[in-house]
Amino acid sequence: MKIKELFSKVTKIFSFKTIRSKLLTAFILTIIPVILLGTVSFNIAKNALFEKSQMSMVDTMTQTTNYLDLMFSNINSISLQLLSNKDLQNYISVSSLDMQQKLTYRSNAVADINSISFNYDFISEINIISEENSIPSASYYFSDLDYQEFLNDSLTQAITAKNGQLLY
Numbered sequence: 001m002k003i004k005e006l007f008s009k010v011t012k013i014f015s016f017k018t019i020r021s022k023l024l025t026a027f028i029l030t031i032i033p034v035i036l037l038g039t040v041s042f043n044i045a046k047n048a049l050f051e052k053s054q055m056s057m058v059d060t061m062t063q064t065t066n067y068l069d070l071m072f073s074n075i076n077s078i079s080l081q082l083l084s085n086k087d088l089q090n091y092i093s094v095s096s097l098d099m100q101q102k103l104t105y106r107s108n109a110v111a112d113i114n115s116i117s118f119n120y121d122f123i124s125e126i127n128i129i130s131e132e133n134s135i136p137s138a139s140y141y142f143s144d145l146d147y148q149e150f151l152n153d154s155l156t157q158a159i160t161a162k163n164g165q166l167l168y
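For the sequence shown, this note's numbering assigns the number 1 to the initial residue and increments by one for each residue that follows.
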């Protein structure tokens with residue numbers, strides 16, 4: 001019974017006898033597809049933008065990873081180059097040299113460090129710190145470095161705890 005009443009009300013509203021009902025019906029029939037089309041278009045555009053942003057983020061992270069890998073590889077090879085430098089090894093390891101020989105080793109080591117520091121744009125400063133408070137260094141600026149403060153620094157302690165292994 002209720003269905004018949006509902007059906008009769010709907011047909012009464014949408015009876016095409018008056019101009020009002022005809023305009024209302026035409027308006028509803030044209031608006032519904034436009035709303036559906038807008039909703040579908042919005043969802044398609046939203047999904048496409050989301051996928052593009054995800055792909056862009058992944059590509060950016062991949063390029064950043066490649067760049068950082070290259071940088072750390074270069075830094076690693078430069079540190080190995082410095083470790084194999086005979087003048088630097090002699091300056092740091094031999095403490096019983098006469099002053100002239102020690103100054104020669106130091107100046108040669110500093111020259112090599114300066115050369116590396118100025119040849120690579122991504123290196124702003126190189127410091128090599130030995131246990132005897134002697135620091136051959138090359139940098140674009142000079143800072144006051146307190147050796148005891150440096151030894152108490154958390155990064156220095158982490159490097160010391162690694163016992164010669166690489167620490168990034």
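C-beta: ideal position from N, C-alpha, C; glycine also.
Starting from residue i, trace the beta strand (DSSP E) both ways and give me its first and last residue.
i    : result
F129 : Per the sequence shown, the amino acid found at residue 129 is Ile instead of Phe. From DSSP, I129 is part of no beta strand (DSSP E); its letter is neither H nor E.
What residue does the alpha helix (DSSP H) around residue i start on, and which one ends it?
i    : result
T165 : For the record, residue 165 in the displayed sequence is Gln; it is not Thr. Unbroken run through Q165: none, as it is neither H nor E.
M65  : Before going on, a small fix: residue 65 reads as Thr here, not Met. Unbroken alpha helix (DSSP H) run through T65: I19 to L83.
V110 : M99 to N119
S93  : K86 to S93
Pick from the options: whose alpha carbon is nearest that of residue i?
i    : options                : result
D87  : K102, S77 and A45      : K102
S93  : R106, Q100 and Q81     : R106
T25  : K12, A161 and L37      : K12
N85  : P33, I113, I31 and I3  : I113
S79  : E149, S154 and I123    : I123
D121 : L83, V110, V58 and M71 : M71
Under the three-state reduction of DSSP, which class applies to residue i: helix, strand or coil?
i   : result
T11 : helix
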